[in-house]
Amino acid sequence: MWEFREGGNEKGNIKHLDLVLIDQKGDAIYAEIPPDVIPILKPQLCEKLIIFIGKFVVEKAKPGYKVVQNPYMLRLNRRTTIAKSNAHDLEFPKYTFSLTPIEILPQFVKNKERFLDVLGKITAVSNPAVVRNTVGDIMMRRIIKLQDLRGNTIDLSLSGMQVLEFDGDAVLKIGEKNHIIAIFVGTLMKQYKDGTQFLSGTSACCWYINENDVPAIKAFQRSLPLDATAVEKIDLPNEDQTHVAFEEKNLLQLNDIDPFTQKGERYQCTVTIIGIPDKQLWCYRACRTCSAKMISTSDGFQCTKDGGCPSKQFEWKYKIPFIVADNTFSLEFMMFERRATELIGKSAETLRKYNDPDIIPSDIS
Ligand SMILES: [Zn+2]
1 MWEFREGGNE KGNIKHLDLV LIDQKGDAIY AEIPPDVIPI LKPQLCEKLI
51 IFIGKFVVEK AKPGYKVVQN PYMLRLNRRT TIAKSNAHDL EFPKYTFSLT
101 PIEILPQFVK NKERFLDVLG KITAVSNPAV VRNTVGDIMM RRIIKLQDLR
151 GNTIDLSLSG MQVLEFDGDA VLKIGEKNHI IAIFVGTLMK QYKDGTQFLS
201 GTSACCWYIN ENDVPAIKAF QRSLPLDATA VEKIDLPNED QTHVAFEEKN
251 LLQLNDIDPF TQKGERYQCT VTIIGIPDKQ LWCYRACRTC SAKMISTSDG
301 FQCTKDGGCP SKQFEWKYKI PFIVADNTFS LEFMMFERRA TELIGKSAET
351 LRKYNDPDII PSDIS
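Okay, so the sequence shown: first residue is 1 according to full-length UniProt numbering, each after it adds one.
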C-alpha cells in the first residue's frame, strides 16, 4: 500500500492510494483508491491484512506504470466494503514480483510501461543524505549497490521516507558476516545527465531481505560461497543547503542563450510576473503514460511521443504561459504540471471541469 502523489514527489498533492492485492491462488491485481475515499478506507487497511472486499469497480489496467501483470485493475469507491477475514496467513502468498535480471536493466531506461522488480546481493549501502535532485529540490537519498550471481551490478537510489524505512545500519551489521540477498519491487530505470544509469525506488518500492520463504532468495543464497565479504559502507555527502544550485542570469542574458547548443542547462533569475498572454491554452491533453501531448485521430486519441507510445488515455495537465520582466528584458515562460499544481492548489483535471482550455480560469489569473 502506498500513496501516489503529484509529480511522484512527497510534497505533491495526493492523487490516489494504491494497493496490490493477492488472492489465495497467488494471482495479483492493482487497486486504486481516489483521494476523497482515502479517509474512509485507509483506516481499515494495512499491509499483510487478509480481507473480504465488496462493491468495487473492475476496469482495464492503466497503460503505464504497471505494478503487476494483469489486464485489469480495481477501483475502490465510497461504497466499497472491507471486512477482516479469519483466514490463516499461511494460506495466502505474501509476495508478488516478476524479476528482471540486472544485466538487461539498461534496456528499460525511461520505459514507463511497468515497474521493475530486481533480485541481487547487497554489496554496499550508503548513509542517508540530504541532496538536491535533478529539478533542484532538496530531498533525502540513500544508495544501495546490488550485484547478481555473474557479478553485474546496479545502483539503487531510494528517496524520501523510504530512505529511513530502509534499515541501513542493520544491513551493515548483519552484512559483516552474512550475505544480504534482497528483492526490490516497484523500481524504475533512470539515467543521470552524464549517462550513468541507476534504479530509482519509487513510492511503490518495497523490499524483501533474506526472506527464506522466497525461493528466489533461497536459491541465490545457496549459490554463494559460505564466507561472505562484508557489506561496504558508502559515504554519501550531504549537500550544503545554503548553496545556490544554479547560476544567476538576467532576462537579457537568458534571451541570448542558444537552445540548440545549450539545451538542458539550468539557471535561476529573479523576475516579476507581468501578465498572461491572451488566446493561449492553459492546459493540454497529456498522455497518461508519458505526459506527451495527445492528439485527436479518427480512432480516438493518440500519443505524440517520439518513437511512439501505445497509450490511448489522456488526462488534462497544466501548461500555463506567462510573461515576466526584470530591468533588462521581458520574456514568455511556461509553467508545467508540478509547479502549477503547487502554486494553484488544484489539479488541471479539476479546473478543466469548469473551464474551457482557451479561457484562463480565475484560479490561475
Ligand atoms: Zn505516451
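C-beta: ideal position from N, C-alpha, C; glycine also.
- A distance criterion of 8 angstroms places the beta-carbon of residue 292 in contact range of ligand 1, judged by its closest non-hydrogen atom.
- Exclusion of residue 350 from the 8 angstroms shell around ligand 1 follows from its C-beta lying no nearer than that to any non-hydrogen atom of the ligand.
- DSSP, reduced to helix, strand and coil, places residue 226 outside both helices and strands of the structure shown, so it counts as coil.
- Counting C-beta pairs closer than 8 angstroms gives three or more between the segment 183 to 191 and the segment 118 to 135, which meets the contact rule.
- For residue 25, the closest alpha carbon among the candidates 95, 350, 178 is that of 95.
- Rounded to whole angstroms, residue 51 and residue 18 show a C-alpha spacing of 16 angstroms.
- Secondary structure of residue 305 (DSSP, three-state): coil.
- With a cutoff of 9 angstroms on beta-carbon distance, residue 275 and residue 322 are scored as near each other.
- With 16 or more other CB atoms across the displayed protein chains lying within 10 angstroms of its CB, residue 283 is buried.
- Taking 9 angstroms as the cut-off, the beta carbon of residue 228 is found no closer than this to the beta carbon of residue 152.
- Distances between the C-beta of residue 305 and the heavy atoms of ligand 1 include at least one below 8 angstroms.
- Taking residue 353 as the centre and dropping the five residues before and after it, the same chain places no C-beta closer than 7 angstroms to its C-beta.
- Close CB contacts of residue 214 within its chain, under the 7 angstroms cut and outside five residues either way in sequence, are with 95, 183, 208 (chain order).
- Excluding sequence positions up to five before and after residue 197, its CB lies within less than 8 angstroms of the CB of 105, 106, 109, 154, 189, 190, 191, all in the same chain and listed in chain order.
- Going by C-alpha positions, residue 111 is about 25 angstroms away from residue 138.
- Contact between residue 160 and residue 10 holds, since their C-beta atoms are separated by about 5 angstroms, short of 8 angstroms.
- Under DSSP, residue 236 shares a beta bridge with no residue.
- Between residue 363 and residue 346 the beta-carbon gap is near 6 angstroms, inside 8 angstroms, which marks them as a contact.
- Within 8 angstroms of the C-beta of residue 297 there is not a single heavy atom belonging to ligand 1.
- In the structure shown, residue 284 falls within a strand segment according to DSSP collapsed to helix, strand and coil.
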